[in-house]
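The sequence shown: position 937 = 937 (UniProt numbering), numbered continuously.
Inspection log for the structure reproduced underneath, given as structure tokens.
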Amino acid sequence: MPAVSKGDGMRGLAVFISDIRNCKSKEAEIKRINKELANIRSKFKGDKALDGYSKKKYVCKLLFIFLLGHDIDFGHMEAVNLLSSNKYTEKQIGYLFISVLVNSNSELIRLINNAIKNDLASRNPTFMCLALHCIANVGSREMGEAFAADIPRILVAGDSMDSVKQSAALCLLRLYKASPDLVPMGEWTARVVHLLNDQHMGVVTAAVSLITCLCKKNPDDFKTCISLAVSRLSRIVSSASTDLQDYTYYFVPAPWLSVKLLRLLQCYPPPEDAAVKGRLVECLETVLNKAQEPPKSKKVQHSNAKNAILFETISLIIHYDSEPNLLVRACNQLGQFLQHRETNLRYLALESMCTLASSEFSHEAVKTHIDTVINALKTERDVSVRQRAADLLYAMCDRSNAKQIVSEMLRYLETADYAIREEIVLKVAILAEKYAVDYSWYVDTILNLIRIAGDYVSEEVWYRVLQIVTNRDDVQGYAAKTVFEALQAPACHENMVKVGGYILGEFGNLIAGDPRSSPPVQFSLLHSKFHLCSVATRALLLSTYIKFINLFPETKATIQGVLRAGSQLRNADVELQQRAVEYLTLSSVASTDVLATVLEEMPPFPERESSILAKLKRKKGPGAASALDDSRRDTSSNDINGGVEPTPSTVSTPSPSADLLGLRAAPPPAAPPAPVGGNLLVDVFSDGPTAQPSLGPTPEEAFLSELEPPAPESPMALLADPAPAADPGPEDIGPPIPEADELLNKFVCKNSGVLFENQLLQIGVKSEFRQNLGRMYLFYGNKTSVQFQNFLPTVVHPGDLQTQLAVQTKRVAAQVDGGAQVQQVLNIECLRDFLTPPLLSVRFRYGGTAQSLTLKLPVTINKFFQPTEMAAQDFFQRWKQLSLPLQEAQKIFKANHPMDAEVTKAKLLGFGSALLDNVDPNPENFVGAGIIQTKALQVGCLLRLEPNAQAQMYRLTLRTSKEPVSRHLCELLAQQF
């Protein structure tokens, strides 16, 4: 852009600005401005025509006055006239005035558009850039309609200057953000992608910003950008700081462009092309390696640029969630930042590690930093960093460290900032329930919560305690004893009184044998709190008193005296008055048998999903409590924990813990009522929707009983959906999408994750299998703001699969609102061995257009593996028995991923077999055994995996009692390495 010469300096403007700055008061400034406005107005209205210099000077003065906060109601036409000047400085001032002062609805827009059109057609790059900047700054719909077709043409024209291309790309981006419907998608889209190969780095930077925005709505149109973005990123990452001198920022080559390219790649799944993917992985590894190098400068700008690229790289690694080595390395790199002196880096490291904790590959690596995170929770000065530390502790918690994390969070709660206390309380309550192996510990934890932060313990939390105590016989006596002791404290929170009143009213008889907690002592202890409580708590205590009359007849006279007191019978609160009158009459009139019937112990609460997690999610915002956060661990937790809120409703509520996509959860299927006396409760905070309670003593029996339909006489059976219509046959649906096999292979060794995602729909999967039965939850998330109509997902059995695999599906709502999610439950039974997975067909209408896709459902024969432990002698004996040629399948193949023993071990365990130690003479080899459970028969399976790190090869050998199973399992497992 040409510099302004000395002759273009406007002395009158400089004098005016100096006068304004020298004003001693506001009144003096206004007086000087009014004088100048009068002078300018007279000049514009005078008979003598002004030259371009004078117009420019007076327009500049008007612009300065406007920037001081004064209204300008004239001079617009003079500014428009400046646009027709051939002098750059005059044209520049005209465009500046229009960009700042002209309203998008102004009557002058047409005149301005004509001037802009002339400049765009002039082929003068300086004038073209000024016009493009004006379009972007005004950004009105009328301007968009006038130039939306011209700007793409200028952008991709071969004779356009680099500066013009930059301006055109950013101008088009501005128009697209303001009015997406005005920007046409046509032949130019493919040519825009090729701008990523442009020699000018500024053009590439502007093009990346434009493509990133466009591909979010039309990803398929810009899919070719992946390889070009990877190629450009590779050239930047591998270049030295001297190679890109004009775009090197404090020894970091093109940091802004690198970050933009990494963000662009996060709009797509991992590259399908192996060469492109390999090059990208190499780039990511290079960035991680450079992070370990000593800094080339001590200036903060150098570290900021370097860390910006690093964190965006880690975000891309987390987004792909497919490279175990990179995930673990990213976690270790973030771990180094946890003790960095820069607060912002510690904050970002904690935030990123929260996401890494949800990956099955990096969860264990995240757990190694637990001591550092706990120390951050205790010592950090910044409350936002402490909050992120609490979030990370919540995300990394599992059965192995639950007691330690809950203990530390309780200790921190005593001094925690008031702004985050409620959130900490909810998290402690969730973790205590989810990972409680001893319910006395759970009761102690919740009572400690009430003691430490009673004001922040919501109803949802203490409701859960009452429900769990009511539903578990083994903890009732302990809970009564513990709450009785807690109530003896001089200062007792009202929530503690509520919990104590309910538990002692139901189970106070279990501790009445001790003279220290005799019935009169219990009553006097509760009644000593009565007058200090709110109306709601006093109403609860009155119900406790009438329960005492049934449990402890010796307290009847005392309690009737309390109920008969004038303060109760003539209470100003209608609820308290009515309860006192009715309870007094009931205790006086009813016989002992009637009283015992009316006031009998509360039955176990019917199963219903918890609302504690829902409350946490509402507090944190959408996506805060995604089920993916915990989907990879503790799948056995369905045999412990759970319960419901003590409310009369038995209607199931939506569970945020089943919100796989981070969207609004859809209601789960209705659950049958809990059997009275059941030993097991459901873990409503487990990864999937709530399972049903079982009377059986083992987790296996509990799981198998879940799959039974509601009994005909069950009230909930009446709420079950009628049998769905017959599924369409394979001939009624289209072929599976091209990447169906690749998506299926992702789930061979894991049971949860995102099965499919495009710009409209996301499909998540969570499943669990036991013996020959399985249950799968499919989560369909509408990623758009438009409702899906006629939404119909169906499961299809190709070929003879109907006789090999039985799949029962539950219907879902035919409409899926924008941003919402619906859930579908599938009950699966393996009848006999099978080789082909069932198909999932999803059909719906979006914006009046029919949409359909067909996927392969991630149900493979290895899902029905039962791990089998055996000694070395038994293994070799069985190995020899399966020595027929048709019983063995062997494959020698090259490693597709880095050979890591821990990752290999995790994949074999995820495949379903048990890993046998000290069996193979070579300690580097892996040996496994298991039994495939089907309804018709059991198929024994032995496997041996021999890695050769030097040659980067594997040899996999499987022996089973059925030839097709051997070959199929060998193919499935070989694809994982």
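Cβ coordinates follow ideal geometry from the N, Cα and C atoms, glycine included.
Treat the numbers as computed from the prediction; the structure is a model and nothing was measured.
Same chain, Cβ closer than 6 Å to residue i, five either side skipped, listed in chain order
i: Leu487; result: Gly500 and Leu525
i: Thr957; result: Gln890 and Arg944
i: Pro113; result: Sequence inspection shows Asn at residue 113; the Pro mentioned does not correspond to that position. Closer than 6 Å at the Cβ level, and outside the excluded window around Asn113, lie Ala146.
For residue i: DSSP bridge partner residues
i: Pro793; result: Val842
i: Arg959; result: Glu888 and Leu942
i: Phe779; result: Gly764 and Gln823
i: Leu855; result: Leu840
i: Phe926; result: Leu945
i: Ala914; result: Ala929
i: Glu869; result: For Glu869, which the question treats as bridged, DSSP gives no partner whatsoever.
i: Arg174; result: Arg174 is not bridged to any residue.
i: Glu757; result: Gln762
i: Gln808; result: Asn827
Other residues of its chain near residue i: CB distance less than 7 Å, five sequence neighbours each side excluded
i: Cys60; result: Met10, Leu13 and Ile93
i: Asn550; result: Leu595, Ala596 and Leu599
i: Ala308; result: Pro255 and Val259
i: Gln887; result: Arg959, Thr960, Ser961, Glu963 and Ser966
Length of the line joining the Cα atoms of residue i and residue j
i: His531; j: Thr379; result: 41 Å
i: His968; j: Leu882; result: 16 Å
i: Gly774; j: Ile828; result: 5 Å
i: Tyr780; j: Gly799; result: 27 Å
i: Val204; j: Trp188; result: 16 Å
i: Tyr478; j: Ser407; result: 20 Å
i: Leu334; j: Leu350; result: 8 Å
i: Pro697; j: Asp474; result: Residue confidence for Pro697 is low, a pLDDT of 37 falling below 50, so the modelled location carries little weight; the figure read from the coordinates is stated next. Taking the straight line from one Cα to the other gives about 14 Å.
i: Lys223; j: Asn332; result: 32 Å
i: Leu393; j: Leu327; result: 18 Å
i: Lys306; j: Leu345; result: 12 Å
i: Pro646; j: Glu422; result: Residue placement at Pro646 is poorly supported in this model, since its pLDDT is 38, which falls under 50; the coordinates are not used for a value here.
i: Glu506; j: Lys547; result: 7 Å
i: Leu120; j: Met128; result: 5 Å
i: Ala536; j: Val138; result: 59 Å
i: Thr355; j: Thr854; result: 30 Å
i: Ala557; j: Pro520; result: 11 Å
i: Arg41; j: Phe74; result: 8 Å
i: Leu195; j: Ala207; result: 6 Å
i: Ser785; j: His493; result: 45 Å
i: His797; j: Ser752; result: 22 Å
i: Val102; j: Ala79; result: 10 Å
i: Val383; j: Glu459; result: 26 Å
i: Asp221; j: Cys215; result: 7 Å
i: Leu743; j: Leu839; result: 13 Å
i: Asp634; j: Val927; result: Because the pLDDT at Asp634 is just 43, under 50, the model does not fix this residue reliably, and the point stays unresolved.
i: Arg21; j: Phe64; result: 12 Å
i: Leu265; j: Ile226; result: 7 Å
Integer-rounded CB distance, given that residue j should sit under 8 Å from residue i
i: Asn918; j: Ala872; result: 7 Å
i: Lys783; j: Gln762; result: 6 Å
i: Ile932; j: Phe876; result: Actually they do not touch by this definition, with Cβ atoms about 21 Å apart.
i: His76; j: Leu108; result: 6 Å
i: Leu155; j: Ala168; result: 4 Å
i: Pro867; j: Gly930; result: 5 Å
i: Pro837; j: Thr803; result: Not quite, the Cβ-Cβ distance comes to about 15 Å (not below 8 Å), so this is no contact.
i: Leu510; j: Ala480; result: 5 Å
Chain-order list of residues whose beta-carbon lies under 8 Å from that of residue i (same chain, five-residue window excluded)
i: Leu410; result: Val428, Thr445, Asn448, Leu449 and Ile452
i: Lys217; result: Pro180 and Gln759
i: Cys213; result: Leu173, Tyr176 and Lys177
i: Val287; result: Val237, Ile309, Leu310 and Thr313
i: Gln787; result: Gln815, Val816, Asp817 and Gly818
Every unbroken alpha helix (DSSP H) within the region 478-539, with a cutoff of 4 residues, ordered by chain: 494-507 and 519-530
Quick check on the DSSP output: what are the complete alpha helix (DSSP H) runs of length 4 or more inside the region 183-217, in order along the chain? 188-193 and 201-215
Pick out the complete alpha helix (DSSP H) segments inside the region 288-376, 4 residues or longer, and give them in chain order. 300-320, 324-337, 343-356 and 363-367
Where in the region 386-473 do unbroken runs of the alpha helix (DSSP H), each at least 4 residues long, occur, reported from the N-terminal end onward? Here the runs fully enclosed are 402-413, 418-434, 439-453 and 459-471.
Just to confirm the assignment: which complete alpha helix (DSSP H) runs, minimum length 4, are found wholly within the region 16-73? Counting whole runs of 4 or more residues, the region 16-73 contains the alpha helix (DSSP H) stretches 26-45 and 52-67.
Start-end ranges of the beta strand (DSSP E) lying completely within the region 540-609, minimum 3 residues: Segments of the beta strand (DSSP E) lying fully in the region 540-609: there are none.
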